[in-house]
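Numbering (full-length UniProt numbering), first residue to last: 1 to 250. Step one of this worksheet: look at the structure below.
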C-alpha cells in the first residue's frame, strides 16, 4: 500500500477544464440556493464516509476548496494473487515471445474526482482514471462503466459505488477472471476516452512495473510481519535452561 498519495497534475487540470467548459456551455445548471445547500451538505457527508473507509488511500486536494476534488487509490481484490501473461514482440529473452508470472499485489487504480455544485442532484462528479498496467482502451471501458453506474442512480451519491465496483469488478469486467493478459493495444480499433490519464507504456515496461511493484509490496509485508514477530518475541522471552516450546499466535 502506498504510504503517500501524489496527485496527478494532469488529472486535476483535466477535471477543472471539463468543469469550466461545461459551465461556459451551459451544461452546469443554475440551481436555487436551497438545492445548492442541500448538495453541499450531501457532498460533505459523502466525503466523511469515504474518508472513514478509505482514509489511508484518499487524498483530498484542497480541504476547503469549492468545488471539492480528491484522488483515491483503489486496489483490485485479488486475495489469492493473479497470473499475468504478456505478449512480448521482438524480445529474445523470452521463449515464444511470452512472459508468464504471478503477482500478489497490483498497483492501484488512480481515481480523481471533482464534485460540481450540481452534484449529486443533477450532475455526476467529473472523473479521470489512471491504471499503470492497463492500456488506454481498457481504461476507457472502465470510465464508461462508471458513467453507467451514475446513469442507474442519477441524483444520488455515487463515489462509494464507483470505488466498490472498481475494487470488486474491474478484472471480471475486462475478462481477466482467469488472469491478466497484456499485449500491445491498437488504439485505432476503439476510441480512447479523454478522461484516461497516465503514460502510454510498452508491454515490456508494464511487465517490469508489475513485477517491481509486487516485489516491493511483498517485501513491505515481510517487514511488517518481522516487526510484529520481534515485538511478540520480546514480550514472551524464553526462559533459560528449559526445553519448553514458545508458541506465538495472532
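Note that the Cβ used here is the ideal one computed from N, Cα and C, for glycine as well. Predicted model only: the values in this text are computed from it and were never measured.
Legend entry - Option nearest residue 66 by Cα separation, candidates 37, 209, 166, 136: Taking residue 66 as reference, the option from 37, 209, 166, 136 with the minimal CA-CA separation is 37.
Legend entry - Whole-number beta carbon distance between residue 195 and residue 127, since they are thought to touch under 8 Å: 6 Å between Cβ atoms; contact.
Legend entry - Member of 85, 28, 160 whose CA lies at the smallest distance from the CA of residue 54: Nearest to residue 54 by C-alpha distance, out of 85, 28, 160, is 160.
Inset, instruction - With distances taken Cα to Cα, identify the nearest neighbour of residue 89 among 47, 185, 10, 216. - result: If you compare the alpha carbons of 47, 185, 10, 216 with that of residue 89, the shortest gap goes to 185.
Legend entry - Opposing strand residues paired with residue 115 [DSSP bridges]: 68.
Inset, instruction - Put residue 158 into one of helix, strand or coil per three-state DSSP. - result: Here residue 158 sits in coil by DSSP.
Legend entry - Coarse secondary structure for residue 129, derived from DSSP in three states: When DSSP states are grouped into helix, strand and coil, residue 129 belongs to the strand group.
Legend entry - Meets three-Cβ-pair contact criterion under 8 Å: the segment 172 to 183 and the segment 73 to 90: Three or more pairs of CB atoms, one per stretch, sit closer than 8 Å, so the segment 172 to 183 contacts the segment 73 to 90.
Inset, instruction - Give every residue of the same chain whose Cβ lies closer than 7 Å to the Cβ of residue 68, excluding the five residues on either side of it in the sequence, and list them in chain order. - result: Within the same chain, residue 68 has close Cβ partners 43, 47, 115.
Inset, instruction - Measure how close the beta-carbons of residue 104 and residue 168 come, nearest whole angstrom, since I'm counting them as under 8 Å. - result: Their Cβ separation, rounded to whole angstroms, is 18 Å, which puts residue 104 and residue 168 out of contact at 8 Å.
Legend entry - Cut-off 6 Å between Cβ atoms - residues of its own chain near residue 130, not counting five sequence neighbours on either side: Spatial neighbours of residue 130 in its own chain (CB-CB distance under 6 Å, excluding positions within 5 residues in sequence) are listed in chain order as 110, 197, 198.
Inset, instruction - Please check the pair residue 136 and residue 39, which I expect to be a contact at CB under 8 Å, by giving their CB distance rounded to whole angstroms. - result: Actually they are not in contact, since the Cβ atoms of residue 136 and residue 39 sit about 32 Å apart, beyond 8 Å.
Legend entry - Extent of the continuous alpha helix (DSSP H) to which residue 12 belongs: 9 to 24 is the extent of the alpha helix (DSSP H) around residue 12.
Inset, instruction - Could you tell me whether the Cβ atoms of residue 50 and residue 61 are closer together than 8 Å? - result: No, the pair does not count as a contact, with Cβ atoms beyond the cut-off.
Inset, instruction - Please classify residue 77: does DSSP put it in a helix, a strand, or coil? - result: Note: residue 77 maps to coil in three-state DSSP.
Inset, instruction - Whole angstroms is fine: what's the gap from residue 8's alpha carbon to residue 14's? - result: Cα to Cα, residue 8 sits roughly 10 Å from residue 14.
Inset, instruction - Please look up how many angstroms separate the CB atoms of residue 173 and residue 145, rounded, as I've assumed it's under 8 Å. - result: Here residue 173 really is in contact with residue 145; their C-beta atoms are around 6 Å apart, less than 8 Å.
Legend entry - C-alpha distance - residue 240 paired with residue 217, whole-angstrom precision: With a pLDDT of 48 at residue 240, under the threshold of 50, the predicted position of this residue should be treated as unreliable, though the coordinate-derived value follows. Residue 240 and residue 217: Cα-Cα distance of roughly 37 Å.
Legend entry - Helix, strand or coil at residue 84 according to DSSP, with G and I counted as helix: DSSP places residue 84 in strand when its eight states are reduced to three.
Legend entry - Residues near residue 10 by beta carbon distance below 7 Å, same chain, minus five either side: 197, listed in sequence order.
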